[in-house]
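Protein chains in written order, with the numbering used here: chain A, 1 to 263; chain B, 264 to 526. Cβ coordinates follow ideal geometry from the N, Cα and C atoms, glycine included. This structure is a prediction, so every number in the text was calculated from the model and none was measured.
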């Protein structure tokens with residue numbers, strides 16, 4: 001088998017579809033947008049779509065499929081939501097069960113699939129501008145924090161916003177805002193810069209998810225809305241069933257990050 | 264009564280609510296965002312919300328209310344969708360009936376209200392940069408055209424995109440793209456620049472809606488997705504009932520256009 005890092009999105013999805021890859025997708029198909037997945041029965045679909053519309057920073061919608069459809073039309077013309085994610089999480093009444101490699105046997109014709117942007121897209125853009133990404137340097141998961149910022153509720157869905165934190169050298173914070181602002185569909189501009197306590201974060205060394213990273217002298221913590229927010233919110237709303245990607249195990253699309261940039 | 268042009272959004276809405284103003288809202292509450300309104304029974308709401316998600320340029324969602332709610336929470340904390348629009352259009356099975364000044368007697372608790380951005384917001388920004396707006400100079404309605412561009416269908420909703428056209432001096436077209444790109448929530452950047460025939464427009468002197476305007480030597484026609492698109496689409500989908508603002512008779516919000524700008 002060729003090194004998976006050399007393959008294009010369609011080739012990687014074919015490997016995932018054959019259940020030959022169940023690891024995280026970071027670093028695969030560089031340049032191409034990856035997406036978070038949320039699948040809900042149709043009775044919850046309006047509420048969740050409304051939740052995303054009201055909370056575009058944590059829930060930037062890239063594509064929503066018609067009820068029952070499992071093939072994307074925008075992110076790829078050759079993808080299957082039932083098989084093309086390396087690992088799926090199954091939540092029943094908000095409780096996380098086993099992770100599975102495909103969901104064909106679980107598929108119901110009332111399922112609605114939501115694909116949301118992923119910050120991998122803007123991290124690439126930052127690296128291209130020589131802005132350091134600490135968790136990549138330290139080979140860790142990005143640190144994530146539950147904040148005191150409430151998402152705007154919609155129907156049954158409500159909860160706090162989850163954010164990622166990246167320490168940025170103070171003299172590069174302006175450039176960081178400028179670059180990430182181009183990527184509104186993948187969590188976009190920071191939602192907070194500086195003092196973590198004003199958004200309810202007590203200790204940057206103790207993230208709620210992911211790993212702590214080093215903050216060096218002269219660096220400012222910069223916070224972005226995080227794609228874990230919808231999973232946290234779905235867990236809280238306790239729908240009968242919700243299927244998501246397992247964190248880090250994203251859908252790899254055929255769209256370039258640059259095709260999603262707003263300016 | 265004070266000149267309505269001197270009043271703030273809340274004062275103008277109070278006048279509209281008392282049915283003392285049923286004229287277009289262009290030029291009122293300068294600086295504040297105005298919005299298109301679409302009200303549909305809940306059974307169509309997911310399909311229409313999905314249509315807007317898939318077609319953000321003609322249907323830029325500013326706010327969607329919960330089923331039955333008539334008070335906005337984002338665009339204003341003191342507004343009533345049943346009374347605060349100068350003139351409403353009523354469509355039954357896609358057929359336009361009488362226009363009315365308020366819809367309190369028609370209100371049903373399954374109604375879902377969608378508020379969409381309006382190009383008034385970016386016209387102000389263009390004027391501030393000394394970019395001429397011909398239909399304002401000539402005191403006409405903006406010319407609108409049905410194009411050969413298909414909207415992405417969603418559920419029962421489908422149809423062609425409607426665009427507005429503004430002739431721009433060629434040397435100011437780049438600046439026009441830059442300025443309007445800031446206003447993604449109010450139809451944003453142009454969808455087409457130059458040759459009208461490539462988007463199916465045969466004669467710029469014969470708009471499908473609105474008035475023809477003068478195109479001077481050295482000017483390029485620039486086209487933006489238009490808020491009439493959802494009305495055209497709703498008409499085509501023929502839902503049992505749909506209530507919209509009458510064209511030009513917009514909802515006046517408490518948000519400044521600058522608060523909606525993306526960069």
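Using the beta-carbon of each residue, which ones in chain B are nearer than 7 Å to residue i?
i: residue 46/A; result: 308, 309, 312
i: residue 260/A; result: Within chain B, no residue comes near residue 260/A; the closest Cβ sits about 12 Å away, beyond 7 Å.
i: residue 94/A; result: Near residue 94/A there are no residues of chain B at all, since even the closest Cβ is about 22 Å away, more than 7 Å.
So which residues on chain A does residue i lean against when the C-beta distance must stay under 8 Å?
i: residue 327/B; result: 50, 53, 54
i: residue 490/B; result: Those do not exist, as residue 490/B stays about 17 Å from chain A at its closest Cβ, beyond 8 Å.
Run through the DSSP bridge pairs and tell me what residue i is partnered with.
i: residue 244/A; result: 38/A, 89/A
i: residue 358/B; result: 355/B
i: residue 144/A; result: 164/A, 209/A
i: residue 376/B; result: 302/B
i: residue 483/B; result: 431/B
i: residue 256/A; result: 32/A
i: residue 390/B; result: BP columns for residue 390/B are empty, so no partner.
i: residue 225/A; result: 163/A
i: residue 61/A; result: 116/A
i: residue 300/A; result: Only positions 1 to 263 of chain A appear in the structure, and residue 300/A is not among them; the question remains open.
i: residue 100/A; result: 88/A
i: residue 311/B; result: In DSSP, residue 311/B forms no bridge with anything.
i: residue 456/B; result: 485/B
i: residue 185/A; result: Bridge partners of residue 185/A: none, in fact.
i: residue 251/A; result: 35/A
Which residues in the same chain as residue i place their Cβ atom closer than 6 Å to its Cβ, once the five residues preceding and following it in sequence are excluded?
i: residue 492/B; result: 321, 424, 425
i: residue 305/B; result: 330, 373, 375
i: residue 81/A; result: 70, 113
i: residue 55/A; result: 151, 152
i: residue 138/A; result: 213
i: residue 165/A; result: 143, 221, 223
i: residue 97/A; result: 90
i: residue 236/A; result: 159
i: residue 86/A; result: 16, 21, 22, 249
i: residue 51/A; result: 154, 157
i: residue 88/A; result: 100, 103, 243
i: residue 282/B; result: 364
i: residue 205/A; result: 212
Please go through the same chain and pick out, in chain order, the residues whose beta-carbon is closer than 8 Å to the beta-carbon of residue i, but skip the five residues on each side of it.
i: residue 442/B; result: 385, 388, 389, 392, 394
i: residue 234/A; result: 38, 40, 48, 91, 94, 157, 242, 244
i: residue 461/B; result: 455
i: residue 9/A; result: 29, 32, 76, 252, 253, 254
i: residue 190/A; result: 176, 177, 180, 222, 223, 224
i: residue 337/B; result: 325, 326, 518
i: residue 317/A; result: A query on residue 317/A cannot be resolved here, the shown segment of chain A reaching from 1 to 263 and no further.
What does residue i touch in chain A if you count any residue whose Cβ is under 7 Å from its own?
i: residue 422/B; result: None at all; the shortest Cβ gap to chain A is about 17 Å.
Starting from the beta carbon of residue i, find every residue of chain B whose beta carbon is closer than 8 Å, and list them in chain order.
i: residue 61/A; result: 316
For the putative contact between residue i and residue j, defined by C-beta atoms under 8 Å, what is the C-beta separation to the nearest angstrom?
i: residue 70/A; j: residue 21/A; result: Not quite, the Cβ-Cβ distance comes to about 19 Å (not below 8 Å), so this is no contact.
i: residue 342/B; j: residue 325/B; result: Actually they do not touch by this definition, with Cβ atoms about 12 Å apart.
i: residue 184/A; j: residue 60/A; result: 7 Å
i: residue 216/A; j: residue 167/A; result: 7 Å
i: residue 524/B; j: residue 445/B; result: 4 Å
i: residue 16/A; j: residue 84/A; result: 6 Å
i: residue 147/A; j: residue 194/A; result: That belief does not hold up - the Cβ atoms of residue 147/A and residue 194/A are roughly 14 Å apart, past 8 Å.
i: residue 45/A; j: residue 408/B; result: Residue 45/A to residue 408/B, Cβ: 34 Å. No contact.
i: residue 403/B; j: residue 466/B; result: Contact flag wrong, Cβ pair sits at about 17 Å.
i: residue 7/A; j: residue 72/A; result: The pair is not a contact, with the Cβ atoms about 19 Å apart (cut-off 8 Å).
In chain A, what lies closer than 9 Å to residue i by C-beta?
i: residue 334/B; result: What residue 334/B touches in chain A: nothing, since even the nearest Cβ is about 15 Å away.
i: residue 418/B; result: 66, 67
Near residue i, which residues of its chain fall below 7 Å by C-beta distance, leaving aside the five closest residues on each side in sequence?
i: residue 265/B; result: none
i: residue 501/B; result: 356, 357
i: residue 4/A; result: 12, 15, 21, 28
i: residue 510/B; result: 491
i: residue 435/B; result: 394
i: residue 412/B; result: 423, 424, 462
Is residue i close to chain E? Criterion is C-beta to C-beta, closer than 8 Å.
i: residue 14/A; result: Going by chain labels, chain E is absent from the structure shown, which instead holds the protein chains A and B.
(request) Pull out every residue of the segment 178-204 of chain A whose Cβ sits closer than 9 Å to any Cβ of chain B, in chain order. (result) Residues 178, 181, 182, 184, 188, 189.
(request) Give the residues from the segment 381-393 of chain B that approach chain A closer than 8 Å (Cβ to any Cβ), ordered along the chain. (result) Of all residues in the segment 381-393 of chain B, none has a Cβ within less than 8 Å of some Cβ in chain A.
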